[in-house]
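Each number in our numbering comes from the position in the sequence shown (counting from 1) with 103 added on.
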Amino acid sequence: MGVFVIRRRFSSFQALVRFVFPAVFLFVMLSGCVYDGGSSAAASLLPVPGSEQPAENPGLNKEAGRNLPADLPSRAKNTVLIADLLKKEPVSRGVLCLVNRENPVRGDLIPESLESVLDNSGKPLIPAKTLDVKINRAALEAARAMFEDAEKEGLKGLIISSAYRSYALQKYFYDKKVEYYRGNHGPEEAVKLASMIVAPPGASEHQTGLAIDLTTAGLLKTGNHLSQSFAETPEGKWIGQNSWKYGFIVRYPEDKVDLTGIIYEPWHIRYVGIPHAELINKLGYCLEEYLEHIRLKSPILFTSHSGERYQILYYDSSYHWNACAVIPGNFRVWDITPYGRNGYIITLKLN
Ligand SMILES: [Zn+2]
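Have a look at this one:
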């Protein structure tokens, strides 16, 4: 018995030496993913860059629209360490950030790239209900293009009702709604009903500056400017059909209430950028479903309706340190959004 065990161990070890080690070596060489930043032995002991848990829900765009060098270090042809991609400064950051009750943002989070809807001379760049409206820079640019095109098609009534909201302002709206329901319901029921309509503080994507509530001049006159009847107005119909072309999604669709936890809000659009808005529209998903879709189907290659090519990757930082991506041709890192506990969604724009 003892001999048998020793012989078996010996033969397993022999097999390891003869077949497994060479195979692993060959695989590493062929994969083109050998770490070349100094000593490989030391490098393999290092944590994966970015393996620490994402500090917070990003929501925070650093600099959108910045031009970046396209050439990142590559190992074999078209092969790049994902850890290297994560070190690069993307064009935008956090454009896909998921903010909901399960994924709140910090109370003191103020996005970096907020822009006023007013130009330097105090003139509104885009019709807005109040002059203090602020929006994420990329979302504002996209919204301006969208409003212009809507106007060209004769839809002149679109107005931004609100966009960026601070934690404190969200808390004020939420507390007011809970108070309203407490008139006729118990405390728990009041909280449940209120949070279906007004996201609790920290759980509102308005705090990222990427969400916009729309209304029309006509609805403003009714006194109920945020109403589901927005979907029946010519402007609301146009937004439902065309906003994806500008990088927006209707964030809380009628048939996704169970998944979003928020009532149907045809007026609330969320900037996710092209190509994500186009893909989300094509797939018929809400953001929660779409992010899971990326996680499961990564890598995704996508050509937008205007012919731009993208590769969308999901990377879990608990993967092996030398995980790599095969990228067809030149590219630049378009967006990096932390997703889940250890993950990232990396969007590359291919040249
Ligand atoms: Zn909203």
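Even for Gly, the Cβ is constructed at its ideal location relative to N, Cα and C.
Gln-310 classed as buried or exposed, judged by whether at least 16 other C-beta atoms fall within 10 angstroms: So Gln-310 ends up on the buried side.
Proximity winner among Gly-312, Lys-237 and Pro-214, relative to Leu-221 (alpha-carbon distances): Lys-237
Buried/exposed call for Arg-196, threshold 16 Cβ in 10 Å: Looking at its Cβ environment, which holds 16 or more other Cβ atoms inside 10 Å, Arg-196 is buried.
Sequence-distant residues of the same chain with beta carbon closer than 7 Å to Glu-381, five excluded per side: Excluding positions up to five away in sequence, the list reads Trp-347, Ser-407 and His-408.
Opposing strand residues paired with Thr-233 [DSSP bridges]: For Thr-233, which the question treats as bridged, DSSP gives no partner whatsoever.
For Ile-397, the residue or residues it bridges with in DSSP: Ile-397 is not bridged to any residue.
Simplified DSSP assignment, three categories, for Ser-330: coil
Backbone secondary structure at Leu-258 - three-state DSSP: In the structure shown, Leu-258 sits in coil (DSSP, three-state: anything other than H, G, I, E or B).
Leu-188 versus Gly-446, Ile-439, Asn-454 and Asn-445, residue with shortest Cα-Cα distance: Ile-439
Rounded distance between the beta-carbons of Tyr-349 and Glu-357, thought under 8 Å: The Cβ separation is near 21 Å, so there is no contact.
Touching by the beta-carbon criterion (3+ pairs, under 8 Å), the region 362–376 and the region 329–341: yes
Straight-line Cα distance separating Lys-191 from Ala-320: 44 Å
C-beta contact flag for Ser-269 and Asp-316 at 8 Å: no
Buried versus exposed, by CB contacts within 10 Å (16 or more), Ala-248: Result: exposed.
Cut-off 6 Å between Cβ atoms - residues of its own chain near Ile-448, not counting five sequence neighbours on either side: Excluding sequence positions up to five before and after Ile-448, its CB lies within less than 6 Å of the CB of Leu-199, Ile-397, Tyr-417, Thr-440 and Tyr-442, all in the same chain and listed in chain order.
Residue burial classification, Arg-240 (beta-carbon count within 10 angstroms, cutoff 16): buried
Whole beta strand (DSSP E) elements within the region 307–371, 3-residue minimum: 314–319 and 351–355
Simplified DSSP assignment, three categories, for Ile-377: Correct three-state label for Ile-377: coil.
Sufficient close CB pairs (3 or more, under 8 Å) joining the region 214–231 to the region 248–263: yes
Beta bridge counterpart(s) of Cys-427 as assigned by DSSP: According to DSSP, which records beta bridges pairwise, Cys-427 is partnered with Leu-184.
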